[in-house]
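Asks:
2 protein chains.
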Amino acid sequence: MIEQIDNILLHDCQIHKTEVLLVGVSGGPDSLFLLHVLNKNGYKVVAAHINHKLRPEADEEARFVRRFAEQLGIAYTGREVDVQGYASERKIATEEAARILRYETLFEQADRLGAQAVLVGHTADDQVETILMHLLRGSGISGLRGMQYCTLPNPWSKHIMLARPLLSTWRADIMRYLEQNQINPAFDQTNLDTAYFRNRVRHELLPTLMEYAPHFRQNLLRLGQVSRDDYDLIQENVDAAWDTFNTAQEPEYLAFHRTGFTHLPPSIQRYLLRRAIEWFIPGMTDVDFECIERGRNFLAEDKPSGQVDLMAGVRLIREAKTFWVTSLNDLPVPEYPQISAAESIFLPVPGKVRVNNGWVLEAAQVSKIEQIGAWEKANADRYQAWFDMEKLKGPLVLRARKSGDRIQPEGLGGHSIKVSDLMINQKLPARARRKWPLVCCGDEVLWVPGYRLSSQASVDQGSTTIIHLKLVRDLGT
Amino acid sequence: MIEQIDNILLHDCQIHKTEVLLVGVSGGPDSLFLLHVLNKNGYKVVAAHINHKLRPEADEEARFVRRFAEQLGIAYTGREVDVQGYASERKIATEEAARILRYETLFEQADRLGAQAVLVGHTADDQVETILMHLLRGSGISGLRGMQYCTLPNPWSKHIMLARPLLSTWRADIMRYLEQNQINPAFDQTNLDTAYFRNRVRHELLPTLMEYAPHFRQNLLRLGQVSRDDYDLIQENVDAAWDTFNTAQEPEYLAFHRTGFTHLPPSIQRYLLRRAIEWFIPGMTDVDFECIERGRNFLAEDKPSGQVDLMAGVRLIREAKTFWVTSLNDLPVPEYPQISAAESIFLPVPGKVRVNNGWVLEAAQVSKIEQIGAWEKANADRYQAWFDMEKLKGPLVLRARKSGDRIQPEGLGGHSIKVSDLMINQKLPARARRKWPLVCCGDEVLWVPGYRLSSQASVDQGSTTIIHLKLVRDLGT
Numbered sequence: 010m011i012e013q014i015d016n017i018l019l020h021d022c023q024i025h026k027t028e029v030l031l032v033g034v035s036g037g038p039d040s041l042f043l044l045h046v047l048n049k050n051g052y053k054v055v056a057a058h059i060n061h062k063l064r065p066e067a068d069e070e071a072r073f074v075r076r077f078a079e080q081l082g083i084a085y086t087g088r089e090v091d092v093q094g095y096a097s098e099r100k101i102a103t104e105e106a107a108r109i110l111r112y113e114t115l116f117e118q119a120d121r122l123g124a125q126a127v128l129v130g131h132t133a134d135d136q137v138e139t140i141l142m143h144l145l146r147g148s149g150i151s152g153l154r155g156m157q158y159c160t161l162p163n164p165w166s167k168h169i170m171l172a173r174p175l176l177s178t179w180r181a182d183i184m185r186y187l188e189q190n191q192i193n194p195a196f197d198q199t200n201l202d203t204a205y206f207r208n209r210v211r212h213e214l215l216p217t218l219m220e221y222a223p224h225f226r227q228n229l230l231r232l233g234q235v236s237r238d239d240y241d242l243i244q245e246n247v248d249a250a251w252d253t254f255n256t257a258q259e260p261e262y263l264a265f266h267r268t269g270f271t272h273l274p275p276s277i278q279r280y281l282l283r284r285a286i287e288w289f290i291p292g293m294t295d296v297d298f299e300c301i302e303r304g305r306n307f308l309a310e311d312k313p314s315g316q317v318d319l320m321a322g323v324r325l326i327r328e329a330k331t332f333w334v335t336s337l338n339d340l341p342v343p344e345y346p347q348i349s350a351a352e353s354i355f356l357p358v359p360g361k362v363r364v365n366n367g368w369v370l371e372a373a374q375v376s377k378i379e380q381i382g383a384w385e386k387a388n389a390d391r392y393q394a395w396f397d398m399e400k401l402k403g404p405l406v407l408r409a410r411k412s413g414d415r416i417q418p419e420g421l422g423g424h425s426i427k428v429s430d431l432m433i434n435q436k437l438p439a440r441a442r443r444k445w446p447l448v449c450c451g452d453e454v455l456w457v458p459g460y461r462l463s464s465q466a467s468v469d470q471g472s473t474t475i476i477h478l479k480l481v482r483d484l485g486t
Numbered sequence: 010m011i012e013q014i015d016n017i018l019l020h021d022c023q024i025h026k027t028e029v030l031l032v033g034v035s036g037g038p039d040s041l042f043l044l045h046v047l048n049k050n051g052y053k054v055v056a057a058h059i060n061h062k063l064r065p066e067a068d069e070e071a072r073f074v075r076r077f078a079e080q081l082g083i084a085y086t087g088r089e090v091d092v093q094g095y096a097s098e099r100k101i102a103t104e105e106a107a108r109i110l111r112y113e114t115l116f117e118q119a120d121r122l123g124a125q126a127v128l129v130g131h132t133a134d135d136q137v138e139t140i141l142m143h144l145l146r147g148s149g150i151s152g153l154r155g156m157q158y159c160t161l162p163n164p165w166s167k168h169i170m171l172a173r174p175l176l177s178t179w180r181a182d183i184m185r186y187l188e189q190n191q192i193n194p195a196f197d198q199t200n201l202d203t204a205y206f207r208n209r210v211r212h213e214l215l216p217t218l219m220e221y222a223p224h225f226r227q228n229l230l231r232l233g234q235v236s237r238d239d240y241d242l243i244q245e246n247v248d249a250a251w252d253t254f255n256t257a258q259e260p261e262y263l264a265f266h267r268t269g270f271t272h273l274p275p276s277i278q279r280y281l282l283r284r285a286i287e288w289f290i291p292g293m294t295d296v297d298f299e300c301i302e303r304g305r306n307f308l309a310e311d312k313p314s315g316q317v318d319l320m321a322g323v324r325l326i327r328e329a330k331t332f333w334v335t336s337l338n339d340l341p342v343p344e345y346p347q348i349s350a351a352e353s354i355f356l357p358v359p360g361k362v363r364v365n366n367g368w369v370l371e372a373a374q375v376s377k378i379e380q381i382g383a384w385e386k387a388n389a390d391r392y393q394a395w396f397d398m399e400k401l402k403g404p405l406v407l408r409a410r411k412s413g414d415r416i417q418p419e420g421l422g423g424h425s426i427k428v429s430d431l432m433i434n435q436k437l438p439a440r441a442r443r444k445w446p447l448v449c450c451g452d453e454v455l456w457v458p459g460y461r462l463s464s465q466a467s468v469d470q471g472s473t474t475i476i477h478l479k480l481v482r483d484l485g486t
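Which chain is which? The protein sequence lines are B and L, in order. Residue 10 is where the first sequence starts when you use our numbering, and the numbers rise one by one after that. Residue 10 is where the second sequence starts when you use our numbering, and the numbers rise one by one after that.
1. With distances taken between CB atoms, is the gap from B/L242 to L/P274 smaller than 8 Å?
2. Considering only residues of the same chain and omitting the five flanking positions on each side of B/W473, which have a CB-CB separation below 8 Å?
3. Using a Cβ-Cβ distance cut-off of 8 Å, determine whether B/V235 contacts chain L.
4. Can you tell me which of B/R461, B/V29, B/F265 and B/I83 puts its alpha carbon nearest to the alpha carbon of B/L437?
5. Compare the C-alpha of B/R64 against each of B/L44, B/S40, B/Q93 and B/L356 and name the closest.
6. Compute the beta-carbon to beta-carbon distance between B/S464 and B/Q417, rounded to the nearest angstrom, for a pair I have assumed lies under 8 Å.
7. Please classify B/R226: is it buried, with 16 or more other beta-carbons within 10 angstroms of its beta-carbon, or exposed?
8. Where does B/H477 fall in DSSP's three states?
9. Which bits of chain B does L/R279 rub up against, with CB to CB less than 9 Å?
10. Residues of chain B with a CB under 7 Å from the CB of L/N163: which are they?
11. Within 8 Å of any Cβ in chain B, is that where the Cβ of L/L214 sits?
12. Between which two residues does the alpha helix (DSSP H) containing B/A67 stretch?
13. So, for B/P404: in the same chain, excluding its five sequence neighbours on each side, which residues have a beta-carbon less than 8 Å away from its beta-carbon?
14. So, with DSSP's three-state summary, where would you put L/M219?
15. B/G367 and B/R283 - do their beta-carbons sit closer together than 8 Å?
16. Does any residue of chain B bring its CB to less than 8 Å from the CB of L/G149?
17. Short of 7 Å in beta carbon distance, which residues of its chain neighbour B/A119, apart from the five on each side in sequence? Order them along the chain.
18. Could you give the first and the last residue of the continuous alpha helix (DSSP H) run that contains B/H143?
19. May I ask you to report which of helix, strand or coil DSSP gives B/V247?
20. Could you work out which residues of chain B lie near L/R283, taking near to mean beta carbons separated by less than 7 Å?
21. What does L/N246 reach in chain B if we use C-beta pairs closer than 8 Å?
22. For L/L455, which of helix, strand or coil comes out of DSSP?
23. On a CA-only basis, which of B/T27, B/R391, B/V362 and B/P260 is nearest B/L340? Give me that one, please.
24. Using a threshold of 8 Å, state whether the C-beta atoms of B/A249 and B/L263 are closer than that.
25. Between the Cα of B/V323 and those of B/I348, B/A329, B/A351 and B/M293, spot the shortest distance and give me the residue it belongs to.
26. Would a check of beta-carbon distances place B/H224 closer than 8 Å to chain L?
27. Beta-carbon separation of L/L491 and L/H224 under 8 Å?
28. Mind checking which residues open and close the beta strand (DSSP E) that includes B/N60?
29. Please decide whether L/Y186 counts as near chain B, where near means a Cβ-Cβ distance under 8 Å.
30. Would you mind telling me which residues of chain B sit closer than 7 Å to L/E346, beta carbon to beta carbon, in chain order?
31. For B/R279, tell me which candidate among B/F73, B/K49 and B/I150 has the shortest Cα-Cα distance.
32. Here's the rule: buried if 16 or more other CB atoms are within 10 angstroms of the residue's CB, otherwise exposed. What is L/R410?
33. Per DSSP, which one or two residues make a beta bridge with B/Q347?
34. When you compare the CB of L/F298 with every CB in chain C, is at least one pair closer than 8 Å?
35. If we count the other Cβ atoms within 10 Å of its Cβ and call it buried at 16 or more, is L/T199 buried or exposed?
36. In the DSSP assignment, find the unbroken alpha helix (DSSP H) run with B/R268 in it and report its ends.
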C-alpha cells in the first residue's frame, strides 16, 4: 500500500522528494493517513488546514490538526475562509463555495511556501463514486477515468500540481493503518465535502450494485485505470491529427483542413472537436455528446459553406477546403480585399481607391494594346484586368454585390451567370463574399477581381483607349 | 427509426439488398417488427422460427410465425430443436442450450438458403442491459461496446454474418410501430432468452438507476457507441504494433520483439496481449485483467529469461530480445543445434556427427597451421574451431551441459567461468541452452559452438596436428 503511494508520487506525478509538498488536512482519516505516511516516508510535507467555519466544532478541528502535525514535527499552516459569505455573494451552494475557497486557499499557501504540489486525500472509494456518477450522468472514456493522480495545469495553478496519491488506496486499508498506528481521527469529516447526490450514491446505490456484483467497486476502479491508459493512447492519436490538419490557431479561431478531418476515424473527430471547444472555454470538460455529433454531421455534409452553433458561443464555420472553430460571430477576413456593403465608390481613371485590409484598386489608362508593358503582361495575375473604355456605358464604380447581380464572363458566349453562384463555384471563401469588391458600370458587373472578367468591355486589337485595373495589397502605406 | 435501421444494414453491415437475409423470428414484438420493416423496405427476407419445445404454447407460436410470414408473402422456414436433451447431455443450463441450438440451427438454415446474414432482433433496451451487465461483471472499453451491429466471423460461421440492426431502436418505439400497423405479437417472448440475472437487471436494477439519472439508458447506449469507435481506433494502433513487433506466428506460438513491446503505451500492450491469447483460444473475450497485468509485469522485469502462465494453458516465455506467447509446454527449437540431454557421443577425427534439427558437426585433421586454407580462414565463423590435438588428454565427445560445467575461455588468462553463466551472458536463447551441444574432452568443456572456445587446447605456431571442427546446418541430406 505504502509502496503504491510512493510509486504514484514518484512515477505518475514525478514529484521530487526534496521539494515541499502541501498536504490538505481536514482532520478526517484519509488526510491524516496521507500526512502520516508521507512524513514517515521522508517527504518534506507541510500540513495545511482550511477552517470552513461551518460547524460548531470547526475551530476544535483546526486545533486538532495543528497538534497532530506538531506531534509529528511537521510544519503547519492554517487558514480560515468565509464560506457563507462567498456562497451568498456568488449565489452558489455552500458545498461548492467551500470547495472553491478550500482549493484557492491551499494553492495560495502552496505558492507562498514554494511547494511543488498540493496533495489531497481522495481515496479509491471516492474514485469509484466519481466514476459511477460520471456513468450515471453520461460520459465517455474521458469521464470513466475518474480523478487523476496528477493534474497540471489545474484551475488553480499553472505550475503547482494537484496530486491525489490515494486514488488506489481503499478506505478500509486506511482505517486499518490508523488503528495499527493508534491514530484517532477527531471525527469523520469525509461527508463534509460531498453533496447530497454523492452521499446517496455512496450509501444507497453502491451497496445495491454490490448485491448484483460483489466485486463491483474493484471492477469500477480497474475500469478507471484502463480507461486512463486508453484515453492517453487516443489523445496521442488526436495530437497527431491536430498537428497534421490544423492550419491556424489564434485566440479567437482555429482552422482545420476539412477533408483531412472528415476522413479521420470518428473517435479522433470527436476528441479533436472537444479539444477545439476547450480552446475557447478552458477547463470545459462537460461538452455534451449531441453538440459534438452536431458538429461532426455538419462537417460531413457535402456542402461548401455554412455555419452551426456548437455551445456557449463557439461555432463551426465551414468553407470548401477549411473549417473554422471560433468564438467570433464572423471570422475576421484580414487577408481579403473587402468593401463596406453599403458603399458605392466612384473609380477615377487614372486614380486609386483604397479598400479594406490594405488593398488598393489602381486604375491607369493606355491608348493602345501594345502599350501594355511586357512586364505587366508577364506578371498579369487574376488581380489585373483591362477594359475597352469606349465600350463602357458610364463611369466605373466599386461596390459590394447586390442581390440579383449577374455577370457575362468571357468565354461563355454571352451567357450570364449569377455573381453569387460564380463566387460559390470559384470557391471564393464564404465569409469574404458579401463584401468582395466588384468593379461595375451602372448595374453591369464587369469584374470580380481575382475570379472573373465580363466580356462586355473586352479589349481587342481595335481598342484605342484601354483602362488597366490592378488590385494590389499595399500594407506599406 | 426505419431510416436508421436501413443505414445500419447498408452502411455498418454492408448488406446488399439483393441478397437473402434470414431473420430469426420468435414471434415476440422485436423480431416481428424486424421482419415487417425489412419486408416493407424491399429486403429479400426469409423468416426462420426455431421451436425450442420448452413451453406448452411452443407449437402454437411456430404456427403463428408461419401464418404471419405467409400473410406478408415472406418465405418461411421452421425447425424444432431438442433443448432439454442437449442441456442434459452437455450439462449446461436450459437457457444456454436453447441459445446455442438456436444460433446453430439459424446458421444451418442460412447456409442452406445461401443467405448473406442471420438477423436477430436485439434492441437498444437489450443493448443497455448487456452493457450494464458488462459493467457489473468488470470490463474495459471492449465490453462497454455491448453487442455489435455486425459480427463476422462469428462462432457459427466464417462467411455468414450475424447482424443486429435494432441495437439502436428502443422497444417503446417498436411497440408503437406494431400498434400503428395493427400487428399483435402472439405473446411477449422477450424474457425467454434471458437468464435470471438479466431479468433482475432489467426489472429491478435499471429502474433503480434511472431514479438517480433519468437519462441513464440513453447515456449507456451512447457510451456503447463512443466506446465502439474508441475501441476501433485503439485496435488500429494495435494492428500497427502487431505488424511492427511480431516476429513469428504459428498455430502453437507467437513471437514478439521484447523491448519494442515494453516501450508501447500500456493500452496497446494490454490489447496486444489479449489478442495474442485469443490466437490460441478463438472467441475468448473473457480474459481477465489480472492475467493481462501479470503478463505485462513479467515482460517489464529486467531479466533475460523465464516464463509465466497466463490462462488456460497459454503462457509467456521471455528471452533476451524476444518473448513468446504459446500453448506449448516448451517451445520447439527447430532452428538450433540440439542434442539429447542424456547422450554423450564420441567424435571421430576425421568424421561427422549428426545432431538434431539438421545440424552436423564435422571434424577434420590438418598437420600444420598453414594448411588451414585461405577460404576456411576467411569464412571462419563462430561455428568453427581449431584445436591442437597433442594438447588433448583424451578423445573428443559431444554432449549437453551438466550441472557444474565450467570452461576456461580464451582471453580470460586461464580464469574459468560456469558454462550456464556464459550461456546467459552470451544471450544464448534460454529454451535452447539445456540441449546445446558442447565439445568436451573428459570433463573439460573445450567449445560452446557459436559462443566460446577454451584456451586449454589452443592452436599455435608449434602445433603439428590440428583438429578443425565445423558445426553446419545441412538440411539437404
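Even for Gly, the Cβ is constructed at its ideal location relative to N, Cα and C. Keep in mind the model is a prediction, meaning the values are calculated, not measured.
Replies: Considering the structure as presented:
1. Taking the first residue of the first sequence as 1, we reach residue 242 of chain B at position 233. Taking the first residue of the second sequence as 1, we reach residue 274 of chain L at position 265. In this structure, L/P274 lies closer than 8 Å to B/L242 by Cβ.
2. Translated into the one-based positions of the first sequence, residue 473 of chain B becomes position 464. Note on identity: in this sequence residue 473 of chain B is Thr, with Trp being the wrong assignment. Answer for B/T473: S376, K377 and E399, listed in chain order.
3. Within the first sequence, the letter at position 226 stands for residue 235 of chain B. With 8 Å as the cut-off, B/V235 counts as an interface residue toward chain L.
4. Within the first sequence, the letter at position 428 stands for residue 437 of chain B. Closest by alpha carbon: B/R461.
5. Numbered from 1 along the first sequence, position 55 holds the residue referred to as residue 64 of chain B. With distances taken between Cα atoms, B/R64 lies closest to B/Q93.
6. In the first sequence, counting from the first residue as 1, residue 464 of chain B sits at position 455. In the first sequence, counting from the first residue as 1, residue 417 of chain B sits at position 408. At roughly 5 Å, the Cβ-Cβ gap stays under 8 Å, so B/S464 and B/Q417 are in contact.
7. On the first sequence, position 217 is the one that residue 226 of chain B refers to. By the neighbour-count rule (16 or more Cβ atoms within 10 Å), B/R226 is buried.
8. Against the first sequence, residue 477 of chain B aligns to sequence position 468. DSSP places B/H477 in strand when its eight states are reduced to three.
9. The residue you call residue 279 of chain L lines up with position 270 of the second sequence. In chain order: V235, D238 and D239.
10. For the purposes of this step, residue 163 of chain L is taken as the residue at position 154 of the second sequence. What L/N163 touches in chain B: nothing, since even the nearest Cβ is about 23 Å away.
11. What you label residue 214 of chain L is simply residue 205 of the second sequence in a count that begins at 1. Yes, its Cβ sits closer than 8 Å to a Cβ of chain B.
12. Taking the first residue of the first sequence as 1, we reach residue 67 of chain B at position 58. Where B/A67 is concerned, the enclosing alpha helix (DSSP H) stretches over A67 to Q80.
13. Your numbering for residue 404 of chain B matches position 395 in the first sequence. Excluding positions up to five away in sequence, the list reads F355, L356 and C450.
14. Residue mapping note: residue 219 of chain L aligns to position 210 of the second sequence, counting from 1. Three-state result, L/M219: helix.
15. Taking the first sequence and counting its residues from 1, the one referred to as residue 283 of chain B is at position 274. Taking the first sequence and counting its residues from 1, the one referred to as residue 367 of chain B is at position 358. No. Outside cutoff.
16. Your numbering for residue 149 of chain L matches position 140 in the second sequence. Yes, L/G149 counts as interfacial toward chain B.
17. For the purposes of this step, residue 119 of chain B is taken as residue 110 along the first sequence, with counting starting at 1. So the qualifying residues of the chain are L31, V127 and I169.
18. One-based indexing of the first sequence puts residue 143 of chain B at position 134. Unbroken alpha helix (DSSP H) run through B/H143: A133 to R146.
19. Translated into positions along the first sequence, residue 247 of chain B becomes position 238. It is helical.
20. Here residue 283 of chain L corresponds to residue number 274 of the second sequence, with the count starting at 1. Chain-order list of chain B residues neighbouring L/R283: empty, with the shortest C-beta distance near 11 Å, by a criterion of under 7 Å.
21. Along the second sequence, one-based indexing puts residue 246 of chain L at 237. Against chain B, a Cβ distance below 8 Å from L/N246 picks out L242 and N246.
22. On the second sequence, residue 455 of chain L is found 446 positions in, with the first residue counted as 1. The answer is strand: DSSP assigns L/L455 an E or B state.
23. Taking the first residue of the first sequence as position 1, residue 340 of chain B is located at position 331. Of the candidates B/T27, B/R391, B/V362 and B/P260, the one whose C-alpha sits nearest the C-alpha of B/L340 is B/P260.
24. Stepping through the first sequence from its first residue, residue 249 of chain B is reached at position 240. Stepping through the first sequence from its first residue, residue 263 of chain B is reached at position 254. Their beta carbons are not under 8 Å apart, which means B/A249 does not touch B/L263 by this criterion.
25. For the purposes of this step, residue 323 of chain B is taken as the residue at position 314 of the first sequence. The candidate whose alpha carbon is nearest that of B/V323 is B/M293.
26. Within the first sequence, residue 224 of chain B is the residue found at index 215, counting from 1. Yes, because at least one Cβ of chain L sits closer than 8 Å to the Cβ of B/H224.
27. What the structure shows of chain L is the stretch from 10 to 486, and residue 491 of chain L is not part of that stretch, so it cannot be assessed.
28. Taking the first residue of the first sequence as position 1, residue 60 of chain B is located at position 51. Where B/N60 is concerned, the enclosing beta strand (DSSP E) stretches over K53 to N60.
29. Translated into the one-based positions of the second sequence, residue 186 of chain L becomes position 177. Chain B, which has no Cβ nearer than 8 Å to the Cβ of L/Y186, makes this no.
30. The count along the second sequence starts at 1 and reaches residue 346 of chain L at position 337. Correcting the residue type first, residue 346 of chain L is Pro in the shown sequence and not Glu. What L/P346 touches in chain B: nothing, since even the nearest Cβ is about 43 Å away.
31. Position 270 of the first sequence, counting from 1, holds the residue named residue 279 of chain B. When each option's Cα is compared against that of B/R279, the closest is B/I150.
32. By 1-based counting over the second sequence, the position of residue 410 of chain L is 401. Of the other Cβ atoms in all chains shown, 16 or more fall within 10 Å of the Cβ of L/R410; this residue is therefore buried.
33. Mapped onto the first sequence, residue 347 of chain B falls at position 338. Paired residue(s): B/N365.
34. Among the chains of the structure shown, chain C does not appear; the protein chains present are B and L.
35. Along the second sequence, one-based indexing puts residue 199 of chain L at 190. Because the pLDDT at L/T199 is just 48, under 50, the model does not fix this residue reliably, and the value given afterwards should be weighed accordingly. Buried: at least 16 other Cβ atoms inside 10 Å.
36. Numbered from 1 along the first sequence, position 259 holds the residue referred to as residue 268 of chain B. Correcting the residue identity first, residue 268 of chain B is Thr in this sequence and not Arg. Start and end: R267 to T271.
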